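Numbering (this note's numbering), first residue to last: 13 to 303. Take a look at the structure set out below.
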Ligand code: SF4
């Protein structure tokens, strides 16, 4: 049995920078709390806790020190609220997420109705919408939801995607909006890093040598689940958080196992899983580079 890593996998640039910023902050002796997980990976969250930067779910739970805003970003009003509470802010919001905040503000000022294709409960989407007048935006991701809205009453509509989505899966939804509203335009907001990991997962799945695929990532990570869904189209695929989730029976009779990881998975977890697979009888293969 061999192990083949995807050509692209794991930490994206935004998460890599967020991870480094929080670790440097902790090394300098600062203490505080991260609002939501800094990335959707339980191992990273535990590591941050050991460094003295735990995770909270609400700003009100932080009463001193610093609050860390994760790569997903926060509603702009959270910066004011943090200052009002006398908190220091460590902002690790990804620049791509800030681009969407900026573009949405411009579209709003120009009178457009905003549409966010994504999960209304996802922190990134909450960051875009929390401070807005509910009459000025929609969050949706199904054709049924799109059909339920009278798009013709809007002169202009600006469509944004949650960064980690696979745009192709929502083409039908977006085309429906465009057909109903001639003033609808799309913003190019799909994250390049996510798409690269997804494209590499397709290639991994299509590799005829590979009998099964292991996808590593946090169970709450949307982009990890998307990778898993892609891999499952081609081969038996298993979503694991780490070595402890591996089941040797998955690989019986399989010569080559594919390996990929979500954008919130640190390199050391990928290495650990590969080592464990090797220990099951697989010599490690030459691997592609992580983003
Ligand atoms: S997936 Fe893309 S948008 Fe999200 S944090 Fe990473 S680089 Fe930024």
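C-beta: ideal position from N, C-alpha, C; glycine also. Small disclaimer: the values here were computed from a predicted structure and weren't measured.
Could you check where the alpha helix (DSSP H) with residue 236 kicks off and where it finishes? 234-244
Based on Cα-Cα distance, which residue from 203, 292 and 274 lies nearest to residue 18? 274
Ignoring anything shorter than 4 residues or poking outside the stretch 93-128, list the alpha helix (DSSP H) runs there in chain order. 107-121
At 4 residues or longer, what runs of the alpha helix (DSSP H) sit wholly inside the stretch 131-178? 135-141 and 155-159
Closest to residue 33 by C-alpha separation, out of 70, 16, 51 and 20, would be which residue? 51
Going along the chain, which residues of its own chain have a beta-carbon closer than 6 Å to the beta-carbon of residue 37, five neighbours each way excluded? 102
Look up residue 44 in the DSSP assignment and say whether it is helix, strand or coil. strand
Between which residues of its own chain and residue 26 is the CB-CB distance below 6 Å, once the five residues before and five after are set aside? 83 and 106
Please list the terminal residues of the continuous alpha helix (DSSP H) segment that includes residue 291. 279-291
Let me have the residue list for the ligand SF4: C-beta closer than 6 Å to any non-hydrogen atom, ordered along the chain. 24, 25, 26, 27, 83, 106, 108, 109, 175, 176, 203, 205, 206 and 275
Inter-residue spacing [alpha-carbon to alpha-carbon] between residue 161 and residue 233: 29 Å
For residue 274, the first and last residue of its enclosing beta strand (DSSP E): Element bounds for residue 274: n/a, residue is neither H nor E.
So what does residue 251 bridge to, in DSSP terms? 227
Mark residue 301 as exposed unless 16 or more other C-beta atoms lie within 10 angstroms of its C-beta, in which case mark it buried. Since pLDDT at residue 301 reaches only 37, below the 50 mark, its modelled position is unreliable, and the value read off the structure follows with that caveat. Residue 301 is exposed by the Cβ-count criterion.
Taking the DSSP output, what are the residues bridged to residue 16? 270
Just checking, does the stretch 45-63 make contact with the stretch 117-131 on the three C-beta pairs under 8 Å criterion? no
Grab the span of the beta strand (DSSP E) containing residue 198 for me, first residue to last. 196-198
Residue range of the beta strand (DSSP E) that residue 206 falls in? Looking at the DSSP string, residue 206 is not in any beta strand (DSSP E); the run it does join, the alpha helix (DSSP H), is 204-218.
Taking the continuous beta strand (DSSP E) assigned at residue 80, which residues delimit it? 78-81
Inter-stretch contact (C-beta, 8 Å, three-pair minimum) for the stretch 243-262 and the stretch 61-75: no
Whole-angstrom distance between residue 214 and residue 188, CA atom to CA atom: 27 Å
Alpha helix (DSSP H) segment containing residue 26, residue limits: 25-39
Give the single residue among 186, 289 and 272 whose Cα lies nearest to the Cα of residue 155. 186
What do you reckon, is the C-beta of residue 162 under 7 Å from a heavy atom of the ligand MG? The ligand MG is not part of this structure, which contains only the ligand SF4.
I'd like to check one pair, residue 222 with residue 268: are the Cβ atoms closer than 8 Å? yes
Where the alpha helix (DSSP H) through residue 186 begins and ends: 183-192
Is the beta carbon of residue 228 less than 8 Å from the beta carbon of residue 285? yes
For residue 248, which of 231, 271 and 254 has the nearest alpha-carbon? 271
For residue 91, tell me which candidate among 69, 59, 147 and 139 has the shortest Cα-Cα distance. 139
Spatially closest choice to residue 68 from 85, 49, 203 and 179, by CA coordinates: 49
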